[in-house]
Amino acid sequence: MRAVAICLIADILLTAGPVAAQTTDACLSRPTFSAWLNCRIEAAVVRKAGASGEEKQAEPPSLANNSTSLLDLSSAPDFIGVGLTLLGVRRSGGDDTASTTSVTATAYSLVAAAQGADIFNAGFYERYANWRRVSFTVGQQAAQNEGKGLDQRATIVGGKVLLLNSRELSRSDNLGAVQGALNKAAISTAQTMFAVTALLWSHSDQKRTLPQFTTEALADANFKAALTALPPSTWPDVDRLIEGNLRDQVALNTELVGLIVDIKRRPQLSIASTSKLRTGTGPDEHRFAAIFDYGLATRLSTTLNASVDFVRGHDALIRDATTGRAAGALNLKVRTGNPLQSDEPTSLAVAADAIRKGGEWTYSAQLKIDVAIANGVRLPISVTRASRADLINEKDVRGLFGFTIDLSKVAAALK
Amino acid sequence: MAKKPTTSARTPDFGKAGRLTIRTNATGATINTSAGEFMHCELRVVGTQALFSFACRHRHLRSGTDFQPGHAFVWDHLNHAGDLDAPSDAYSLVLSFLQAIKYTFVMEHRNGAGAVLKRLKDIDYESTSSEDVFRDSLIIFTV
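Residue numbers (the numbering used here), protein chains in the order written: chain A, 94 to 508; chain B, 14 to 156.
Here is the structure:
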């Protein structure tokens, strides 16, 4: 009796594995046999290689008083970006709700518009790659407080040139290795598909010939029933077959993930000029900056800005002034599990800047969270603490809430 | 009456964000190569660059680098000397979404005069995740 019970338990344990594996096969929800096989290969690649895991500025430039960004980034959105600062909160009181709006467009988007070209056209995108290195920004900073001096309404104009751009994916050296891996993976896929089909047929009742089994039993409408009807002993054999032919699939995955991670970490250097221009006798402000971005790790990057700022007064109230400024930021991308239906991660940034003016230093520190709402649409929220001794003779804490749209990503998502 | 295309539900059909829209999909076909029949393929891409490979079990056959940069790629197979490697062979199309957001692939079984005998594949493959790859395949039996 005891021996029978042991045999029964052993039998259940031996058969439970494959049956459970078959009935919980998530890949069976795929719409075609090829998609089912693709899913099985993906799962095997993840088991073998491990699961894998936006650095373009659509915000108003840092020169704008109410920009949610203490620093500028080296590159602009591929086509057009819109940045708004919607709301400001200042601990020391005062009106800080004046909005800042800016639109940034690359020369590429202007050329595409002038020629009536599709911005996603592969040949056009590749041919005019260098035109994406140049971008222009126009915007407006609303009047603040009493609207006098530097608080007057200002028009923002700027330009940026990306001098060092090693993150351009379309560069042939970036894609050659991926194409090579893709070619090998395609041969491997054909081999796996043929072998798995033959194996499934061999485990079937073989009332059909192999061509009939392939074209009829594995057709979209029938393949789920056909696979479910196969004996449990089929699945370990299928897994062994897929895993035995996995080398080139893993290599493709490694190449793709490696390239994406590597490209995001490569350095970028740009120079930028931004001006805030005021009408009448209002003072103008100009910033000339060098901007450097570099990836320290997969999700951690740093941005450095060095700039010279000029104020040119047109009346006796504002004196001409020249200041030097250095700023740095650490940006951490946080995987959020896409709670807001975005493929992009939310990011956290810690930034600081130091300004040398008239022999005196002033400092600012900023904590920023940049929430991805949807592809290309982000909500930057920042809190800045500044030692503004030169201006208001007290420490100042300011919170800002903005909104940015990268139209290239929005268009891609809607295409 | 035209068959209603099959579109995906919320769960990706492949990868992290892959979607398939299937108008026609054959898992296999029999082609009479001795009568001059062949397969005709057209791949269209939406995106900045097509990264794909078309292969059989024995060798790589076509990729984006075999064509001028563009977003439409057309080729025939089994109508040239040396095209046939085995009487029954699997063919795969592997698509990378590193620089593309959508591919449309049409494969037709044609007679020696070029007339369409049967459409074997007519599928849209879409993904917004640059890491995504899709592997489509079918088996061709030749007589």
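The C-beta atom is built at its ideal place from N, Cα and C for all residues, glycine as well.
Residue range of the alpha helix (DSSP H) that includes residue i
i                      : result
residue 332 of chain A : 327–337
residue 341 of chain A : 340–358
residue 460 of chain A : Here residue 460 of chain A belongs to no alpha helix (DSSP H); instead the beta strand (DSSP E) covers 453–467.
residue 208 of chain A : 200–208
Test: residue i CB closer than 7 Å to a CB of chain A
i                      : result
residue 132 of chain B : no
residue 14 of chain B  : Confidence at residue 14 of chain B is low in this model, with a pLDDT of 42, below 50, so its placement is unreliable and no value can be given for it.
residue 73 of chain B  : yes
residue 137 of chain B : no
residue 76 of chain B  : yes
residue 99 of chain B  : no
residue 56 of chain B  : no
residue 117 of chain B : no
residue 85 of chain B  : no
residue 128 of chain B : no
residue 33 of chain B  : yes
residue 13 of chain B  : The question about residue 13 of chain B has no answer, for chain B in this structure spans 14 to 156.
residue 123 of chain B : no
residue 159 of chain B : No answer is possible for residue 159 of chain B: it lies beyond the span of chain B, which begins at 14 and ends at 156.
residue 47 of chain B  : no
residue 105 of chain B : yes
residue 61 of chain B  : yes
Chain-ordered chain A contacts of residue i [CB-CB under 9 Å]
i                     : result
residue 43 of chain B : 304, 308
Proximal chain B residues relative to residue i, where beta-carbon distance stays under 8 Å
i                      : result
residue 311 of chain A : 40, 41
residue 127 of chain A : 38, 40, 148, 149, 150, 151
residue 134 of chain A : 148
residue 320 of chain A : Going along chain B, no residue has its Cβ under 8 Å from residue 320 of chain A, so there is no contact; the nearest lies around 12 Å.
Residue-level contact to chain B via CB, residue i, 7 Å cutoff
i                      : result
residue 499 of chain A : no
residue 218 of chain A : yes
residue 278 of chain A : yes
residue 430 of chain A : Reliability of the predicted coordinates at residue 430 of chain A is poor, the pLDDT of 47 falling under 50, and the value obtained from them is presented with this limitation in mind. No, no contact with chain B.
residue 434 of chain A : Confidence in residue 434 of chain A is poor, its pLDDT being 48 and thus under 50, which makes the residue's placement unreliable; the coordinate value appears in the next sentence. No, residue 434 of chain A does not count as interfacial toward chain B.
residue 172 of chain A : no
residue 283 of chain A : yes
residue 115 of chain A : Caution is warranted here: a pLDDT of 43 is assigned to residue 115 of chain A, below 50, making its placement in the model unreliable, and no coordinate value can be reported.
residue 131 of chain A : yes
residue 124 of chain A : yes
residue 203 of chain A : no
residue 496 of chain A : no
residue 275 of chain A : yes
residue 287 of chain A : yes
residue 208 of chain A : no
residue 198 of chain A : no
residue 485 of chain A : Because residue 485 of chain A sits at a pLDDT of 37, beneath the cut-off of 50, its placement in the model cannot be relied upon, and the following sentence gives the value as read from the coordinates. It does not: the Cβ of residue 485 of chain A has no partner Cβ on chain B nearer than 7 Å.
Enclosing beta strand (DSSP E) for residue i [first to last residue]
i                      : result
residue 361 of chain A : 361–370
residue 401 of chain A : 393–405
residue 321 of chain A : Per DSSP, residue 321 of chain A belongs to no beta strand (DSSP E); it is in the alpha helix (DSSP H), 316–321.
residue 107 of chain B : 101–109
residue 230 of chain A : 227–234
residue 38 of chain B  : 32–38
residue 473 of chain A : 470–480
residue 129 of chain B : 129–139
residue 76 of chain B  : 73–76
residue 66 of chain B  : 64–69
Neighbour list for residue i in chain B, Cβ cutoff strictly below 7 Å
i                      : result
residue 290 of chain A : 152
residue 345 of chain A : 146
residue 339 of chain A : Near residue 339 of chain A there are no residues of chain B at all, since even the closest Cβ is about 12 Å away, more than 7 Å.
residue 334 of chain A : Result: empty, since nearest Cβ-Cβ is about 13 Å, beyond 7 Å.
DSSP beta-bridge partners of residue i
i                      : result
residue 55 of chain B  : B:87, B:119
residue 439 of chain A : A:427
residue 384 of chain A : A:363, A:398
residue 147 of chain B : B:108
residue 155 of chain B : B:44
residue 173 of chain A : A:198
residue 415 of chain A : A:403
residue 450 of chain A : A:453
residue 498 of chain A : A:175, A:470
residue 378 of chain A : A:369, A:404
7 Å Cβ cut-off: residues of chain A touching residue i
i                      : result
residue 144 of chain B : 145, 349, 350, 353
residue 96 of chain B  : What residue 96 of chain B touches in chain A: nothing, since even the nearest Cβ is about 14 Å away.
Proximal residues of chain D, C-beta to C-beta of residue i below 9 Å
i                      : result
residue 271 of chain A : Looking for chain D here will not work: the only protein chains present are A and B.
Proximal chain B residues relative to residue i, where beta-carbon distance stays under 9 Å
i                      : result
residue 362 of chain A : Neighbours of residue 362 of chain A on chain B: none; closest Cβ ~23 Å, over 9 Å.
Within chain A, the residues that residue i reaches when beta carbons sit closer than 8 Å
i                     : result
residue 67 of chain B : 279
Scan the segment 232–286 of chain A and note each continuous beta strand (DSSP E) run of 3 residues or more that stays entirely inside, going in chain order. 247–258
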